[in-house]
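Input: a single structure, listed below in structure tokens.
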Amino acid sequence: MVASKYAKCELMQSEFTQRANHVPALGPGLSVDVYSPEVLQLVGAFGEAGLHPGYLEVFKATTSAMHWVRRQLPGIPLTYHGEGLWTTQPDFPRSNSGRQGVEEACAQLAALNSAWLNHECATKQMAGYAFGTYLPPLYTELSARVTAENVTFLQGQVDALARQAAVDPALVLLEMPPLTYFGCGAITIPRFFRLVAEQSACGVVLDIGHLWTVYRYTGACRRQTVEAFVAEFLDEFPMERVIEIHVAGLAEFSTGEERVSTAGAIDRPYWIDTHGAPIPALLFEMLAQVLAHPRLRRLKGVALEVDTKPIAMIVEEYRRFVTRFSTSITEVQQHGQAASHVSSCSEPALAIHEGGSLTAAERTELQRQYQAYVREVATGSALPATEEWSLLGGASEDLLRYRTTYLPYELLHWGGELQDMFPKTCGLLAEAQVSLEQFVPVWFSRPRPEQDDYDFFLLKIDRFVEFVEQWCSRAALVARQEAGELRDAYRAANEPIGSMGECV
Ligand SMILES: [Fe+2]
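Under my numbering, the residues of the sequence shown are numbered 1 to 504, in order.
Now the structure itself:
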């Protein structure tokens, strides 16, 4: 059995190496949004500052927007940061995400002529429940096997659609996601990614800010220095699969009214992944440590993730970044080009299963665990602890912070302020003394069948109408009218994306 595990791991490593050999080395770059800040303005400001990023990684927008960016920036290599491909979820291959979502991603990859498809190893939809921001997977062996099989399925779809379009297939990359105050599982996060790498040929993205949140919210910060944590983490993490590194801002979450408590947080702030915030100096120290790692041999790019950040700050941070790191990035890439195939499979980490195909029962079992995960983290009242997984070493108050502060804020204010979206309805609710806070338990009261397309804004409209129907029937008609207007306005607001392509 050990021999077969070893053989599978070797096969995956060898397939990865072949694919990685086709990915060009792109050097320092930027991970951007098409609109925020507007990408041409950003590139123009860089040109004026005498800075020339090696590549732009473009976050998912519409396919016509991707064509438009490709035409507008003919001289810059473009790569793709996908969204909405929930490969951590057991139902991925037969879900809308795994079908229409993958088709759309492939169209956008082709539009950009991207060498890779990067996606967070995280989800906003699980077991019929939707979230506004990413939740990490359950860090368990079963979950790693499901993710690996789904990623292999995704790579197969990307290959097939690339063949149809007569373009080179992009390499699928999984990005280690951030922890927003907590993580759940039964194995360490680097071990999870090692298991996925042993059972699939994917590349990996290591985000330095995300790494800091793992240090902060798995309790490692209470027992070791950042340097010691990073060294230990990288030892287990599949560094030989790292194709790209991200660096982005971190900041404490604010409701806009008052800051979440920062008591005792001088050395351990409650930072979470925040692309619009400045990059803490500490992250560049961690980056230096990562770039010096001996197994980092397939690196193709290091990007600052700068969506939603002021352009002047982006330019200043990028200048500091390339001044310090462009030489070492080039050196790491050159070492990688000289390196031959390196096996990392002498001791496959896969211990329990043979690595064969998953059974339907195993997928069903993981689905059941994700239902419990939603219940425990979103609506539970105690620490999560099941037979299969528990909190990954963080403090109970950190999970409470997510459950009682971050999650309600996300549902009530993020992706559309309810008071602004439904002003008349909210007035009627206030008269009837129905609190908007009641919306949160209604949101999680039951799983909903998957929608055609995940869109948090549209989901929020639908769910809010249901909430009003349930809690204040006399406001229901007004809520339905306002919902209709919102949907129309949303469709109209998305129209200019199409016309963007036509006016070029
Ligand atoms: Fe990232």
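Ideal Cβ positions, reconstructed from N, Cα and C, are used throughout, including at glycine. It should be emphasised that the depicted structure is a prediction, and the values quoted were computed from it without experimental measurement.
Using three-state DSSP, classify residue i as helix, strand or coil.
i, result
"MET12", "helix"
"PHE193", "helix"
"ASP207", "strand"
"ASP273", "strand"
"GLY156", "helix"
"MET176", "coil"
"GLN125", "strand"
"VAL302", "strand"
"VAL58", "strand"
"THR379", "helix"
"ARG487", "helix"
"VAL242", "strand"
"GLY84", "coil"
"TYR35", "strand"
"PRO423", "helix"
"VAL43", "helix"
"CYS345", "coil"
"GLU387", "coil"
"GLY27", "strand"
"ALA130", "strand"
"GLU482", "helix"
"GLY185", "strand"
"GLU252", "strand"
"ALA231", "helix"
"ARG446", "coil"
"ASN494", "helix"
"ARG401", "helix"
"ARG163", "helix"
"GLY415", "coil"
"ILE279", "coil"
"SER435", "coil"
Hey, is residue i close to ligand 1, as in C-beta under 7 Å from one of its heavy atoms?
i, result
"GLU83", "no"
"ASP307", "no"
"ASP207", "yes"
"HIS246", "yes"
"GLU317", "no"
"GLU365", "no"
"GLU57", "no"
"GLU175", "yes"
With a CB to CB cut of under 6 Å and the five nearest residues on each side skipped, what residues in its chain are close to residue i?
i, result
"ILE189", "TYR139 and VAL214"
"CYS221", "TYR215 and ARG268"
"THR532", "Here the chain has residues from 1 to 504 only, and residue 532 is not among them."
"LEU234", "HIS293"
"VAL302", "PRO28, ILE245 and ILE329"
"LEU173", "TRP116, ASN118, GLY203, VAL205 and ILE243"
Is any beta-carbon of chain C found at less than 8 Å from that of residue i?
i, result
"CYS184", "Within the model displayed, chain C is absent; a lone protein chain is all it includes."
Count the other C-beta atoms from every protein chain shown that fall within 10 angstroms of the C-beta of residue i, then say buried if there are 16 or more, exposed otherwise.
i, result
"GLN470", "exposed"
"GLY50", "exposed"
"ASP273", "buried"
"SER254", "exposed"
"LEU436", "buried"
"GLN13", "buried"
"HIS119", "buried"
"LEU112", "buried"
"GLY82", "buried"
"THR364", "exposed"
"THR404", "exposed"
"ASP462", "exposed"
"THR210", "Note that residue 210 corresponds to His in the displayed sequence, not to Thr. So HIS210 ends up on the buried side."
"SER143", "buried"
"ALA337", "A small fix is needed here, since residue 337 is Gln in this sequence, not Ala. Exposed, by the Cβ-count rule."
Looking only at DSSP bridge pairs, what is residue i linked to?
i, result
"TRP116", "LEU171"
"THR79", "GLU57"
"VAL315", "Paired residue(s): none; VAL315 is not in a bridge."
"LEU509", "Coverage of the chain is limited to positions 1 through 504, which leaves residue 509 absent and any answer about it impossible."
"VAL247", "LEU304"
Under 7 Å Cβ to Cβ from residue i, same chain only, skipping five residues before and after it: list those, please.
i, result
"PRO447", "ALA127, GLY128 and TYR129"
"LEU11", "none"
"LEU392", "TYR139, GLY183, CYS184, GLY185 and THR218"
"GLU376", "PRO384"
"ALA45", "ILE311 and VAL315"
"PHE457", "GLY415, GLY416 and TYR490"
Keeping to the same chain, check which residues put their C-beta closer than 8 Å to that of residue i; ignore five residues upstream and five downstream.
i, result
"HIS275", "ALA248, GLY249, GLU305, VAL306, ASP307, THR308 and LYS309"
"GLN333", "ALA25, GLY27, LEU299 and LYS300"
"THR133", "LYS124, THR180, GLU410 and TRP414"
"GLN438", "PHE467 and TRP471"
"LEU412", "LEU418, LEU436, GLU437, PHE439 and VAL440"
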